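K.L.:
The opening residue of the sequence shown carries number 38 in my numbering; numbering runs sequentially from there. Take a look at the following structure, please.
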Amino acid sequence: MTSTAPETQRGQDAGDPLGEQPTSWQRRLRRFGHVPRPETSLRDRLDPPWTRPGRQVWSVLAIPPHVADRLVRWSGWGGPLLVTLVAGLLRFWRLDQPNAVIFDETYYAKDAWALVNQGYEGSWPKDVDKLILKDPSSVPIPTDPGYVVHPPVGKWIIGFGEQLFGFTPFGWRFMVAVLGTISVLLLCRIGRRLFRSTFLGCLAGLLLAVDGLHFVMSRTALLDLIVMFFVLAAFGCLVVDRDRSRRRLADALPVDEEGVLRPDARIAETLRLGWRSWRLAAGVMLGLAFATKWNGLYILAAFGLMTVLWDVGARRTAGAARPYMAVLRRDLTPAFLSTVPVAIVTYIVSWTGWIVTDKGYYRNWAATEGKSSSWSWLPDWLRSLWHYENQVYDFHVGLTSGHTYESNPWSWLVLGRPVSYFYEEQAGCKESSTGKCAAEVLAIGTPLLWWLACFALAYVVWRWLFRRDWRAGAIACGVAAGWVPWFFYQERTIFLFYAVVFVPFLCLAVTMLLGAIVGPAAGTGARADLGLTSKDPTGERRRTLGAIAAGVLVLLIIWNFIYFWPLYTGTSIPEDLWRDRMWLDTWV
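So this is what it looks like as structure tokens:
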């Protein structure tokens with residue numbers, strides 16, 4: 038078990054080395070808990086080492102040192118894969134239940150089926166869902182184009198599952214469940230790299246595996262889980278890019294006669310980091326997120342700014358006297374071209390099915406209503422696509438019709454108004470005092486996890502502002518990018534399940550908080566400054582109590598997930614037990 042900050046990383050900022058004499062700004066921040074970074078080598082600040090479990094763990098388990106070393110090597114992938122296996126078993130268990138078209142599956146499942154079969158969405162007749170469930174082969178795909186308001190990537194992904202397993206509930210949910218499961222693996226590996234700890238990485242993945250909202254969205258053919266997957270993948274690519282670029286800076290810096298790495302202003306300001314493949318991959322992932330739902334565009338902007346600021350921090354740490362100017366000259370243009378144009382091209386390519394047909398909605402607009410446009414020199418398909426997107430934007434900003442389950446983004450973190458995807462009441466239930474049983478699929482996060490995340494976010498913001506911890510800033514950026522944009526559309530009809538996009542970052546925030554509760558190993562980091570060594574019983578007692586407290590919190594979250602399991606899976610339970618789980622009046 039390890040803390041959120043290994044010895045060489047505690048108090049690490051975004052790359053701003055603190056001098057031995059604190060500035061007046063730093064002195065003012067100390068009243069809020071700011072702690073200057075302890076002395077660490079320049080290489081460790083640019084390329085922090087990984088933490089390793091203490092020998093005490095292996096000795097308690099009676100595991101020989103050579104076996105322990107092998108387990109540590111395997112745990113980097115073995116631990117995340119084990120957590121992912123658990124998440125996959127949970128998500129694929131009875132994936133075809135309920136055997137119904139639930140909530141917005143009525144749009145995306147049918148649009149996906151038409152898309153993979155004819156390249157564009159069709160206009161389906163009303164009340165066709167029951168016929169699809171009874172005999173999908175008897176339902177013809179409509180050739181008349183349908184007006185859809187979301188880009189096609191998410192529907193292509195859903196449609197791939199339908200091609201594999203048929204036009205059935207299992208078929209249209211299959212690929213979403215796959216992405217939901219893989220996202221747990223991604224978060225384990227991202228958390229491991231972020232915290233330099235396999236244990237904390239696996240803990241973050243475990244929290245995601247038992248989050249109710251992520252679980253429900255992984256078992257429902259909607260688009261938001263797909264957006265979350267691509268956003269998380271892009272974040273992981275950028276974190277890997279950050280590590281590699283900082284390592285390259287460290288390798289380029291001079292070493293003195295004692296073998297100590299030294300900062301160098303000329304190298305820090307002039308070294309070209311070139312075209313970075315992981316940042317290009319992030320651009321593709323962000324383009325795919327944008328090509329699934331438009332809120333991916335806000336995340337593209339936020340992550341683009343974040344990666345540029347990481348470059349500023351890296352060059353400052355390496356010794357640049359004017360790091361912002363160095364980034365402006367050396368990094369800004371490659372960073373922009375690696376993300377924004379790549380994302381835009383990815384978005385346009387995603388419309389290939391619509392482009393190569395002549396029957397898609399608005400496909401021939403440029404050749405008919407728009408033929409007198411002053412932009413007629415552009416290709417017809419491009420002008421038609423632009424007109425289509427303009428109409429869709431007007432639809433989205435004008436969507437103000439009321440809905441039973443709409444909610445304001447202010448209430449999301451406390452789970453103010455979850456969304457009921459499916460509800461069925463059965464009479465003649467002898468186990469219930471009311472004589473009724475209820476089966477529901479409720480899109481709601483695991484309450485204890487989300488309520489703990491409220492405190493974790495406050496801790497993350499504090500740690501970012503006053504400890505200058507870049508990891509806290511990255512987590513806060515992920516949450517803000519997925520949440521804040523919705524505050525600009527509060528008059529629009531929006532729902533709690535949109536929050537699934539930033540659920541992985543909530544899990545990272547809770548993981549960072551739990552790591553802080555456990556505390557660093559005795560004799561390391563800030564606690565070493567207090568004179569606590571590995572033999573100090575007070576330090577060991579503090580860490581033991583912290584581990585117990587953090588473990589209890591994790592067990593309560595897992596219990597809470599199990600308790601709400603019937604509401605996540607549509608399992609029929611007596612109505613009395615269903616009401617017991619309605620902790621807030623707004624959940625009904």
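Cβ atoms here follow ideal geometry from the backbone N, Cα and C, with glycine treated the same way. Only a predicted model underlies this, so the values are computations on that prediction, with no experimental measurement involved.
For L614, which three-state DSSP category applies?
P.N.:
Your numbering for residue 614 matches position 577 in the sequence shown. Correct three-state label for L614: helix.
K.L.:
Report the partner residues of L298 according to the DSSP bridge assignment.
P.N.:
Working through the sequence shown from its first residue, we reach residue 298 at position 261. V292.
K.L.:
Could you tell me the boundaries of the beta strand (DSSP E) in which E461 lies?
P.N.:
Residue mapping note: residue 461 aligns to position 424 of the sequence shown, counting from 1. Here the beta strand (DSSP E) through E461 covers 456-464.
K.L.:
Excluding five sequence neighbours on each side, which residues of the same chain lie with their C-beta closer than 6 Å to the C-beta of L485?
P.N.:
Your numbering for residue 485 matches position 448 in the sequence shown. Contacts found: L593, I594, N597.
K.L.:
Give me, in chain order, the residues of the same chain whose beta-carbon lies closer than 6 Å to that of F252; leave out the 5 immediate sequence neighbours on both sides.
P.N.:
Your numbering for residue 252 matches position 215 in the sequence shown. Closer than 6 Å at the Cβ level, and outside the excluded window around F252, lie Y605.
K.L.:
Jot down the residue ranges of each uninterrupted alpha helix (DSSP H) in the region 241-329, minimum 4 residues, whole runs only, in chain order.
P.N.:
For the region 241-329, whole alpha helix (DSSP H) runs of length 4 or above, ordered along the chain, are 249-255, 261-289, 302-307, 314-327.
K.L.:
Taking just the CA atoms, how far does G113 sit from W423?
P.N.:
For this step, residue 423 is matched to residue 386 along the sequence shown. For this step, residue 113 is matched to residue 76 along the sequence shown. Between W423 and G113, the C-alpha separation is close to 46 Å.
K.L.:
Counting Cβ pairs closer than 8 Å, one from the region 198-213 and one from the region 158-173, do we hit at least three?
P.N.:
Yes, they touch.
K.L.:
In chain order, what residues of the same chain lie with their CB nearer than 7 Å to the CB of A270, ignoring the 5 residues before and after it?
P.N.:
Reading the sequence shown from its first residue, position 233 is the one you call residue 270. Closer than 7 Å at Cβ, skipping near neighbours: L223, M322.
K.L.:
Let me confirm a value: T121 is counted as buried when at least 16 other C-beta atoms fall within 10 Å, else exposed. Which label applies?
P.N.:
As a position in the sequence shown, residue 121 is number 84, starting the count at 1. Buried, since its Cβ has 16 or more Cβ neighbours within 10 Å.
K.L.:
Run through DSSP, which three-state label would P632 get?
P.N.:
Residue 632 lies beyond the stretch modelled for the chain, which goes from 38 to 625, so this question has no answer here.
K.L.:
Measure how close the beta-carbons of P329 and G191 come, nearest whole angstrom, since I'm counting them as under 8 Å.
P.N.:
In the sequence shown, residue 329 corresponds to position 292, counting from 1. In the sequence shown, residue 191 corresponds to position 154, counting from 1. A small correction: the amino acid at residue 329 is Thr; Pro does not occupy that position in the sequence shown. Between G191 and T329 the Cβ distance is about 4 Å, and since that is below 8 Å, they are a contact.
K.L.:
Excluding the 5 residues flanking A511 on each side, which residues of the same chain have their C-beta closer than 8 Å to its C-beta?
P.N.:
The residue given as residue 511 occupies position 474 in the sequence shown. Answer for A511: L231, F272, V276, M343, listed in chain order.
K.L.:
Taking 7 Å as the limit between beta carbons, can you name the residues of its chain near M212, skipping five residues before and five after?
P.N.:
Counting from one through the sequence shown, the residue named residue 212 turns up at place 175. These residues qualify, in order along the chain: I194, I195, F197, G198.
K.L.:
Using only the alpha-carbon positions, how far apart do G115 and L244 sit?
P.N.:
To locate residue 115, count along the sequence shown from 1; it is residue 78. To locate residue 244, count along the sequence shown from 1; it is residue 207. Roughly 17 Å separates the two Cα atoms.
K.L.:
Count the other CB atoms, across all protein chains shown, that sit within 10 Å of the CB of W414; report buried if there are 16 or more and exposed otherwise.
P.N.:
Here residue 414 refers to the residue found at position 377 of the sequence shown. By the 10 Å Cβ count, W414 comes out exposed.
K.L.:
Could you pull out every residue in the same chain whose Cβ sits closer than 7 Å to the Cβ of G249, ignoring the five residues on either side in sequence?
P.N.:
As a first step, residue 249 must be located in the sequence shown, where it is residue number 212. I481, G482, T483, F598, F601, Y605.
K.L.:
Is E199 helix, strand or coil by DSSP?
P.N.:
Here residue 199 refers to the residue found at position 162 when the sequence shown is read from its first residue. Correct three-state label for E199: helix.
K.L.:
Tell me the DSSP secondary structure of L152 in three-state form.
P.N.:
Within the sequence shown, numbered from 1, the residue matching residue 152 stands at position 115. Helix, per DSSP.
K.L.:
To the nearest angstrom, report how far apart W402 and P188 are at their CA atoms.
P.N.:
Working through the sequence shown from its first residue, we reach residue 402 at position 365. Working through the sequence shown from its first residue, we reach residue 188 at position 151. Near 18 Å, if we compare the C-alpha coordinates of P188 and W402.
K.L.:
Would you mind sorting W620 into buried or exposed? The rule is 16 or more other CB atoms within 10 Å of its CB.
P.N.:
Numbered from 1 along the sequence shown, position 583 holds the residue referred to as residue 620. It counts as exposed.
K.L.:
Alpha carbon to alpha carbon, how far is L308 from R226?
P.N.:
Working through the sequence shown from its first residue, we reach residue 308 at position 271. Working through the sequence shown from its first residue, we reach residue 226 at position 189. If you take the alpha carbons of L308 and R226, they lie about 29 Å apart.
K.L.:
Taking the straight line between their C-alpha atoms, what separation do you get for L237 and F432?
P.N.:
Here the question's residue 237 lines up with position 200 in the sequence shown. Here the question's residue 432 lines up with position 395 in the sequence shown. Whole-angstrom Cα-Cα distance: 43 Å.
K.L.:
Look at S469 and E612 and say whether their C-beta atoms are less than 8 Å apart.
P.N.:
Position 432 of the sequence shown, counted from the start, is the residue given in the question as residue 469. Position 575 of the sequence shown, counted from the start, is the residue given in the question as residue 612. A contact, by the Cβ cut-off of 8 Å.
K.L.:
Starting from Y477, follow its DSSP beta bridges and name the residues at the other end.
P.N.:
Numbered from 1 along the sequence shown, position 440 holds the residue referred to as residue 477. Sequence inspection shows Glu at residue 477; the Tyr mentioned does not correspond to that position. Answer is Y460, bridged to E477.
K.L.:
On the three-pair Cβ rule with 8 Å, is the region 291-311 touching the region 351-358?
P.N.:
Cβ pair count under 8 Å is three or more, so yes.
K.L.:
Quick one: grab the DSSP three-state call for P182.
P.N.:
The residue labelled residue 182 in the question sits at position 145 within the sequence shown. In the structure shown, P182 sits in a strand (DSSP, three-state: E or B).
K.L.:
Should the region 282-291 be regarded as contacting the region 254-262, the criterion being three or more beta carbon pairs within less than 8 Å?
P.N.:
These segments do not touch.
K.L.:
In whole angstroms, what separates the C-alpha of A513 from that of C544?
P.N.:
As a working note, residue 513 is residue 476 in the sequence shown. As a working note, residue 544 is residue 507 in the sequence shown. Using only the alpha carbons, I get a separation of about 12 Å.
K.L.:
So for Q428, helix, strand or coil by DSSP?
P.N.:
Residue 428 sits at position 391 when you count from the first residue of the sequence shown. In the structure shown, Q428 sits in a helix (DSSP, three-state: H, G or I).
K.L.:
By Cβ distance, which residues of its chain are closer than 7 Å to P522, with the 5 residues on each side in sequence left out?
P.N.:
Working through the sequence shown from its first residue, we reach residue 522 at position 485. Here the set comprises N332, Y335.
K.L.:
Just checking: is the beta-carbon of I595 within a distance shorter than 8 Å of some beta-carbon in chain B?
P.N.:
Absent from the structure: chain B. Only one protein chain is present.
K.L.:
Could you check the C-alpha separation between D50 and R504 for me, to the nearest Å?
P.N.:
Position 13 of the sequence shown, counted from the start, is the residue given in the question as residue 50. Position 467 of the sequence shown, counted from the start, is the residue given in the question as residue 504. Here the model assigns D50 a pLDDT of 41, short of 50, so the residue's position is not dependable, and the following value carries that caveat. So the alpha carbons of these two residues sit roughly 7 Å apart.
K.L.:
What is the C-beta distance between I381 and G341, in whole angstroms, given that I count them as a contact (C-beta under 8 Å)?
P.N.:
Position 344 of the sequence shown, counting from 1, holds the residue named residue 381. Position 304 of the sequence shown, counting from 1, holds the residue named residue 341. With a Cβ gap of about 12 Å, I381 and G341 do not count as contacting.
K.L.:
Can you tell me whether T608 is helix, strand or coil according to DSSP?
P.N.:
Taking the sequence shown and counting its residues from 1, one reaches residue 608 at position 571. Coil at T608, not helix or strand.
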